[in-house]
Structures are given as C-alpha cells and as structure tokens.
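Participant:
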Ligand code: TRP
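In my numbering, the protein residues as written are 2 to 336.
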C-alpha cells in the first residue's frame, strides 16, 4: 500500500453560499470519497470568499456547518482528509495581501467571473469581489498542492494562480509550487427538472432537488418534472429531442447504477406517469442515508467542532510554513 507521504496533494474550496443539490451530488461530489483514497486531500469551506456578496450572518454560519456535515455524510471521512473552515486559518488572508502586490490590475480586470458578478451585483462591486482570485491563489499556494480540481467556471482563476506563482518564483526563486488543474471525472451533468435546457441550480428552486429535501418534496418535484410534448411518449434517451426525459434517465441511471439501455428497457411500454415517480423514488432512496446522517451530525455540535478544529490545526501548520518562507523572501524581518 502507498504511504501517506507519497500521495499527491489535492486541494479544493467550496463556498458555503447555498445548499447542496442533486446536481452537485451526482456530479463531482459522488467521486470525492474515492479521491480521498488516492490523494492527500484538503477541502475547506471558503467563507472568506462568500462575503464578497452580501450574506445574512446567521445563514452563513448555518450553511457553513450544514455543508461540513453534508460532506462528511457524503463520505468525506475526516480521518482520511483535512476538512477545515477558511476563516479559521488566518494565513489565507495574510498571503493574499502579499500576492495582491504581485497581481496586476489588468489581470484581475480580465476575469470573466468578476465581470459577471459585477454586472449581477451592480450595487455592491466591492474590492473583495475584484481581488477574490488573489485570495483563491493564496488558498491554493499555501498548501503546495499538485492538483486543484476545477470546473469550467474556475479554470481562469487557476490559470491566474499559476501566473502569479510563476511571477513570484521568477523574482525569488522556487518558492511556490505551481499546481496543475485537475479535470475531474465529471459524472453526470444534471439539469433542472422544470427547465431541462439549463443545469440544475438553486436559482431555479422548483427544478432543483436539495440533498436535505424531505421525501415528499422530492416526490412532488419529480411528479412535476418537465418531460416533452413528443407524440411518441416513451422513455428513450434522446437529449436533442427529449431533453427532459434524457435528464430523468440520467438521474435514474446515476441513482441506481443502471445503464441508459437498462432504464429504457425497464420502462418500455410504460408512460411518463410511471417513470417520473420511479425516478423520484430512486432519488429519495439515494439521498435518504445522506440526509439522515447530515441531520444526525448537525445535532452533534461537539463532533463537528472537533472535526473543524483538528482540520484548522493541521492546515495552519502547513500554511504557516509557506507563509514564513514568503515573508522571508520578500524581506520582512523575522519575529
Ligand atoms: N472560487 C471557488 C468557487 O467559487 C471556491 C474556491 C475558493 C476554491 N478557493 C479555492 C476552489 C481554492 C479551489 C481552490 O467555486
């Protein structure tokens, strides 16, 4: 068996700005428990990032703990990976300040996510929203990871992180490890139940199934799922002509481990009236243990506290080593 120290390091941050939904679960999240076997993983709740958009303090606090509990319930065993809360490790904000001085205004102006968010939150285009990619670069570089798993929306930020690290190394020598983006096995791309041409997201609540939804709510959402107006009302995988049905087949397949062909056969000759509730049932059963375990963990405050405290302690130890090195290189007097 491979020893802990020979494993490659992987790191990812998740914003506690909302609840997890089925698209998150059947997409990347389902593969994470396997990743923690293969890599030395750091996962943190990026609460410093989340306040770039105005938050209700009580909601942010609750969502942070809820997300932590959900991740553990989904199989991120805190004994096998490092789980922590970003604001508990002060080195993130400190390295971000230094790296702000090695990141160009022009570079940040080109970030498409900044442009999008600035347009969406025109009343609050704050400096944090602008320098957010620098904080993200710091999150990454503190832990010297080999890989950072990224979705499409974060690719540009990882590229910027690499540019900043290379610039810094160009001046001071090999200080920061330049990470590679890790294109994770995508898993299923789940779409909204009532608008199947867009991906499932919390911005369309009726078409979105949350991990902690009650079974009756899940059943209702699937009963109302959009299928199609195809005259041939059969369960057949045809994403072009029948995007709603294709989405449901994909969900059912992901939830049961069946292939699309097996799903088509199972519902051959049966209408959507039988198919939709069956998908709902499969999802209810898939999510039930996760919801129950999350609820149990949320009641066990002492356990959650022990997890995030141990995580922060381990993370700080590593982060501090990098920060010290950086401080020394730029010429700060050692204390
Ligand atoms: N910016 C990421 C997002 O919005 C979250 C994040 C913050 C992150 N820091 C990170 C992801 C470091 C990977 C590595 O989804």
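Note that the Cβ used here is the ideal one computed from N, Cα and C, for glycine as well. Quantities reported herein were computed from a predicted structural model and do not represent experimental measurements.
Beta carbon of residue 140, beta carbon of residue 14: below 9 angstroms?
Facilitator: yes
Participant: When you compare the CB positions of residue 191 and residue 68, do they come within less than 9 angstroms of one another, or not?
Facilitator: No; because the gap between Cβ atoms is not below 9 angstroms, this pair is not in contact.
Participant: Exposed or buried, what is residue 45 when buried is set at 16 or more other beta-carbons lying within 10 Å of its beta-carbon?
Facilitator: buried
Participant: Only counting the same chain, and skipping five residues up and downstream in sequence, which positions put a Cβ closer than 6 angstroms to that of residue 88?
Facilitator: 48 and 49
Participant: Please list, in chain order, all residues of the same chain as residue 275 whose beta carbon is under 8 angstroms from its beta carbon, the five residues on each side excluded.
Facilitator: 268
Participant: Kindly examine the ligand TRP and report whether one of its heavy atoms sits closer than 8 angstroms to the Cβ of residue 173.
Facilitator: No; taking the cut-off as 8 angstroms, the Cβ of residue 173 has no heavy atom of the ligand TRP nearer than that.
Participant: I'd like to confirm the pairing. Which residues does DSSP put opposite residue 192 in its beta bridges?
Facilitator: Answer by DSSP bridge pairing, in chain order: 200.
Participant: Under 8 angstroms from any heavy atom of the ligand TRP, does the C-beta of residue 89 make it?
Facilitator: no
Participant: Between 208, 241 and 113, which lies nearest to residue 226 when the distance is taken from Cα to Cα?
Facilitator: 208
Participant: In chain order, what residues of the same chain have a beta carbon less than 8 angstroms from the beta carbon of residue 309, not counting five sequence neighbours either side?
Facilitator: So the qualifying residues of the chain are 69, 84, 85, 86 and 89.
Participant: Quick one: Cα of residue 324 to Cα of residue 136, how far?
Facilitator: 13 angstroms
Participant: Using the Cα positions of residue 130 and residue 266, report the straight-line distance between them to the nearest angstrom.
Facilitator: 50 angstroms
Participant: Tell me whether residue 36 is buried or exposed, calling it buried when 16 or more other Cβ atoms sit within 10 Å of its Cβ.
Facilitator: buried
Participant: Tell me whether residue 41 sits in a helix, a strand or coil according to DSSP, three-state version.
Facilitator: Strand at residue 41.
Participant: Is the Cβ-Cβ distance between residue 11 and residue 133 less than 9 angstroms?
Facilitator: no
Participant: Relative to the alpha-carbon of residue 166, which residue among 99, 194, 125 and 196 has its alpha-carbon at the smallest distance?
Facilitator: 99
Participant: Helix, strand or coil, according to DSSP, for residue 150 in the structure here?
Facilitator: strand
Participant: Just verifying my parser: in three-state terms, what is the DSSP assignment at residue 91?
Facilitator: coil
Participant: Below 9 angstroms between beta carbons: does that hold for residue 243 and residue 281?
Facilitator: No; because the gap between Cβ atoms is not below 9 angstroms, this pair is not in contact.
Participant: Looking only at DSSP bridge pairs, what is residue 13 linked to?
Facilitator: 44
Participant: Three Cβ pairs or more, each shorter than 8 angstroms: is that satisfied between the segment 289 to 302 and the segment 70 to 81?
Facilitator: Three or more beta-carbon pairs drawn from the segment 289 to 302 and the segment 70 to 81 are found closer than 8 angstroms, and the two stretches are therefore classed as touching.
Participant: According to DSSP, what are the bridge partners of residue 85?
Facilitator: 45
Participant: Any heavy atom of the ligand TRP closer than 8 angstroms to the Cβ of residue 149?
Facilitator: Flag set: Cβ of residue 149 near the ligand TRP.
Participant: Taking just the CA atoms, how far does residue 126 sit from residue 96?
Facilitator: 23 angstroms
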